[in-house]
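Only one structure is covered here, and it is reproduced in the block below.
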């Protein structure tokens, strides 16, 4: 059984080290406790990405949060984006950072929020 409300938190970075502290994940859990939050990065293994794909395919509401550093390799994002676009009618995307290729990929989505301060995100996402 998969959750109906999913938040995918994808970190796109040049650094291959893993972060145990994800402030955006903590913020999202605090504001939207009814969402299942799943985090991965551009270096995630195939098994991690495959589970994210299953979550996307089974969710009724999707929040897709991308935190990106310029010129970082796209990695697992390339596998996720076609599925995100297939479900774009139920996706709200949040983009934090700077990455020209990702910004181009997000253009077809109906609801995308770019680089908002944390205090404005809840209103912009509009899930409350």
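Residue numbers (the numbering used here): 90 to 217. A virtual CB, placed ideally from N, CA and C, is assigned to each residue, including glycine.
By Cβ distance below 6 Å, which residues in the same chain neighbour residue i in space, the five residues on each side in sequence not counted?
i: residue 194; result: 170
DSSP three-state label for residue i, please.
i: residue 158; result: coil
i: residue 192; result: helix
i: residue 93; result: coil
i: residue 44; result: The requested residue 44 does not occur in the structure, where the chain is confined to residues 90 to 217.
i: residue 119; result: helix
i: residue 217; result: Since pLDDT at residue 217 reaches only 44, below the 50 mark, its modelled position is unreliable, and the value read off the structure follows with that caveat. Here residue 217 sits in coil by DSSP.
Would you decide whether residue i is buried or exposed? Buried here means 16 or more other CB atoms lie within 10 Å of its CB.
i: residue 100; result: buried
i: residue 128; result: buried
i: residue 166; result: buried
i: residue 133; result: buried
Nearest CA to the CA of residue i: which residue from the options?
i: residue 173; options: 132, 144 and 209; result: 144
i: residue 275; options: 92, 103, 129 and 187; result: For residue 275 there is no data in the structure shown, the boundaries of the chain being 90 and 217.
i: residue 131; options: 214, 203, 155 and 197; result: 155
i: residue 90; options: 147, 136, 133 and 121; result: 147
By Cβ distance, which residues of its chain are closer than 8 Å to residue i, with the 5 residues on each side in sequence left out?
i: residue 140; result: 127
Checklist entry - Is the region 170 to 186 touching the region 138 to 151, taking contact as three or more C-beta pairs under 8 Å? => result With a cut-off of 8 Å, the region 138 to 151 and the region 170 to 186 count as touching, because enough Cβ pairs lie within range.
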